[in-house]
Amino acid sequence: MIKWTILALAVPLLAACSGPQSILDPAGPAARQVATVWWFMFGVASVVWVGVSLLWIYALARKPRHTSAKQARAINRRWVISGGIVLPTVSIILLLLFGVPTGRSMIPLPVEGQDPLVIEVTGHQWWWEVHYPESGVTTANQFIVPVGRPLDVHLTSADVIHSFWVPRLGGKRDMVPGRIHEIRLEASHAGVFRGQCSEFCGAQHTRMILHVEALEPEGFDTWLSERQSFASPALPPGAAGEEFRDTCGQCHRVAGITEGARAPDLTDLASRPTLGAGTLENDSEGLRRWLREHQDIKAGNAMPAHDDIDDDILEQIAAWLETLAP
Ligand code: CUA
């Protein structure tokens, strides 16, 4: 029994302390505050656990004392007041003193001398639309940010409630249709992190993963300007081009080629690390598997199956999609 108790306590200590999605490995000021609150709560909970365990051992070990009913009531009252009212009140007030400023630090209030970058993120079943309004750049399922600049992330949803959460950058916020929620984040160093939709939003909620990358400011400016000046390559000639324009292009946008707005913008598709919001590696094999088998791989996603499209046409479309990178 003791062995299992020690194991149960050790597992959470060893797991989740690092990795691309760990709140205990903060990569920005908001996340650092969340981690501090976590460790503080862990400390308070540990003290309470040790205290309760000691009382339990004391209760088991002590010899029975003969007390009158009146004395017993007085002792019980003392325990109820100290353990049931004073201790929880003090603990909760301490946690509030830590927790409330942490929540407030993620509200995007104007700060003298700071120039936050606005990024609009829209949740869809089951992918992320990411738009940089100042530069007019739109991408999907990747959230590329500059290091050292506050980010005012404007969140909404096109269908059901999703939740935006990049644990290494800060707390999460719900994405609600018809509303815009804001959260201020910042990356303090370059790196690749992972975001995950954290509100159950349907069958493929788990496959709603966001690739997050913090770049040094010059690298970020290059990333953005490359996309602003990128001229999409011409569609393949003949039936493949027509198929893309008349079918795929009804939902997907490719800058200068098609104007669909319901599905992920494909303008810089080939530069993204994954397909299907973190479902498959975006390489030659992954792209072809995705085009053929996406309804088996991520069942229920909004893209219809492509069973009626000939192999050679699909191959030409795949080859063209591979050129969509600045
Ligand atoms: Cu979107 Cu869960």
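Residues in the sequence shown are numbered from 1 upward in steps of one, following the UniProt record's numbering. Ideal Cβ positions, reconstructed from N, Cα and C, are used throughout, including at glycine. Bear in mind that the values here come from a model prediction, so they are computed numbers and not experimental data.
Which residues does DSSP pair with I183 in a beta bridge?
Along the sequence shown, one-based indexing puts residue 183 at 183. Answer is V153.
Could you give the first and the last residue of the continuous alpha helix (DSSP H) run that contains I57?
Taking the first residue of the sequence shown as 1, we reach residue 57 at position 57. Unbroken alpha helix (DSSP H) run through I57: 29-61.
First and last residue of the uninterrupted alpha helix (DSSP H) at Q295:
By 1-based counting over the sequence shown, the position of residue 295 is 295. 284-297 is the span of the alpha helix (DSSP H), which, as asked, contains Q295.
Specify which residues have a beta carbon nearer than 6 angstroms to any heavy atom of the ligand CUA, listing them in chain order.
G123, W126, H162, C197, E199, F200, C201, H205, M208
Within 10 angstroms of the Cβ of A61, are there 16 or more other Cβ atoms? Answer buried if so, exposed if not.
In the sequence shown, counting from the first residue as 1, residue 61 sits at position 61. A61 comes out exposed.
Please go through the same chain and pick out, in chain order, the residues whose beta-carbon is closer than 7 angstroms to the beta-carbon of A231, but skip the five residues on each side of it.
Taking the sequence shown and counting its residues from 1, the one referred to as residue 231 is at position 231. Same-chain partners within the cutoff: G256.
May I have the straight-line CA-CA distance separating T267 from Q204, to the nearest angstrom?
Locating residue 267 in the sequence shown gives position 267, counting from the first residue. Locating residue 204 in the sequence shown gives position 204, counting from the first residue. So the two alpha carbons sit approximately 24 angstroms from each other.
For E259, which three-state DSSP category applies?
On the sequence shown, residue 259 is found 259 positions in, with the first residue counted as 1. Three-state result, E259: strand.
Quick one: what does DSSP say F164 is sitting in, helix, strand or coil?
Within the sequence shown, residue 164 is the residue found at index 164, counting from 1. In the structure shown, F164 sits in a strand (DSSP, three-state: E or B).
What residue range is occupied by the uninterrupted beta strand (DSSP E) comprising E120?
On the sequence shown, position 120 is the one that residue 120 refers to. Here the beta strand (DSSP E) through E120 covers 117-124.
Looking at the ligand HEM, does it come within less than 6 angstroms of L109, judged from the CB to the closest heavy atom?
Only the ligand CUA can be found as ligands here, which leaves the ligand HEM out of the picture.
Do P133 and V118 have their C-beta atoms within less than 7 angstroms of each other?
For the purposes of this step, residue 133 is identified with residue 133 of the sequence shown, where counting begins at 1. For the purposes of this step, residue 118 is identified with residue 118 of the sequence shown, where counting begins at 1. Cβ atoms of P133 and V118: closer than 7 angstroms.
Quick check: R194 and V137, are their CB atoms within less than 7 angstroms of each other?
One-based indexing of the sequence shown puts residue 194 at position 194. One-based indexing of the sequence shown puts residue 137 at position 137. Not a contact, by the Cβ cut-off of 7 angstroms.
Under 7 angstroms, do G103 and V37 count as touching if we go by C-beta distance?
By one-based count along the sequence shown, residue 103 stands at place 103. By one-based count along the sequence shown, residue 37 stands at place 37. For G103 and V37, no; Cβs fall outside 7 angstroms.
Is there contact here, the stretch 166-173 with the stretch 84-97, by at least three beta-carbon pairs under 8 angstroms?
no
Beta-carbon separation (whole angstroms), T206 vs S157, contact threshold 8 angstroms
For the purposes of this step, residue 206 is taken as residue 206 along the sequence shown, with counting starting at 1. For the purposes of this step, residue 157 is taken as residue 157 along the sequence shown, with counting starting at 1. Not quite, the Cβ-Cβ distance comes to about 17 angstroms (not below 8 angstroms), so this is no contact.
Taking only the alpha-carbon atoms, compute the straight-line gap between I161 and D283 and give it to the nearest angstrom.
As a first step, residue 161 is located in the sequence shown; it is residue number 161 there, counting from the start. As a first step, residue 283 is located in the sequence shown; it is residue number 283 there, counting from the start. Roughly 31 angstroms between the two C-alpha positions.
When DSSP builds the beta bridges, which residues end up paired with F244?
Working through the sequence shown from its first residue, we reach residue 244 at position 244. BP columns for F244 are empty, so no partner.
Report the CB separation of H306 from R292 in whole angstroms; it is logged as a contact under 8 angstroms.
As a position in the sequence shown, residue 306 is number 306, starting the count at 1. As a position in the sequence shown, residue 292 is number 292, starting the count at 1. Sure, about 7 angstroms apart at Cβ, within 8 angstroms.
In the structure shown, what three-state DSSP assignment does R272 receive?
The residue given as residue 272 occupies position 272 in the sequence shown. It is coil, neither helix nor strand.
Going by C-alpha distance, which of F244, C197, H189, V80 is nearest W127?
Within the sequence shown, numbered from 1, the residue matching residue 127 stands at position 127. Ranking the options by Cα distance to W127, first place goes to C197.
Quick check: the stretch 174-191 against the stretch 208-218, are at least 3 beta-carbon pairs closer than 8 angstroms?
yes
If you follow the beta strand (DSSP E) that G170 is in, where does it begin and where does it stop?
By 1-based counting over the sequence shown, the position of residue 170 is 170. Premise fails: G170 is in no beta strand (DSSP E) and is neither H nor E.
Once DSSP output is grouped into helix, strand and coil, what is the label at P146?
As a first step, residue 146 must be located in the sequence shown, where it is residue number 146. P146 falls in the strand class under three-state DSSP.
Residue of P116, F164, A27 minimising C-alpha distance to P124:
For this step, residue 124 is matched to residue 124 along the sequence shown. With the sequence shown as reference, residue 124 is identified as His, and Pro is not the correct amino acid for it. Checking every option, the nearest Cα to that of H124 belongs to F164.
Can you give me the Cβ contacts of G286 inside the same chain, cut-off strictly under 7 angstroms, excluding the 5 residues immediately before and after it?
For the purposes of this step, residue 286 is taken as the residue at position 286 of the sequence shown. Closer than 7 angstroms at the Cβ level, and outside the excluded window around G286, lie L275, L280.
Segments assigned alpha helix (DSSP H), at least 4 residues, entirely inside the stretch 298-324
311-321
My guess is that A270 and L324 are in contact by the Cβ rule of under 8 angstroms, so how many angstroms apart are they, rounded?
Here residue 270 is taken as the residue at index 270 of the sequence shown, counted from 1. Here residue 324 is taken as the residue at index 324 of the sequence shown, counted from 1. Contact flag correct, Cβ pair sits at about 5 angstroms.
Which class does G191 belong to by DSSP, given the choice of helix, strand or coil?
As a working mapping, residue 191 is identified with position 191 in the sequence shown. Here G191 sits in strand by DSSP.
Report yes if the CB atom of P88 is closer than 7 angstroms to the CB atom of Q114, and no otherwise.
The count along the sequence shown starts at 1 and reaches residue 88 at position 88. The count along the sequence shown starts at 1 and reaches residue 114 at position 114. Result no, Cβ atoms of P88 and Q114 do not sit closer than 7 angstroms.
Distance, I23 Cα to G83 Cα
One-based indexing of the sequence shown puts residue 83 at position 83. One-based indexing of the sequence shown puts residue 23 at position 23. Take the alpha-carbon of G83 and the one of I23: they are about 31 angstroms apart.
Quick one: measure Cβ to Cβ for G28 and L185, integer angstroms, because I've assumed they're closer than 8 angstroms.
Within the sequence shown, numbered from 1, the residue matching residue 28 stands at position 28. Within the sequence shown, numbered from 1, the residue matching residue 185 stands at position 185. So it is a contact: roughly 6 angstroms between Cβ atoms.
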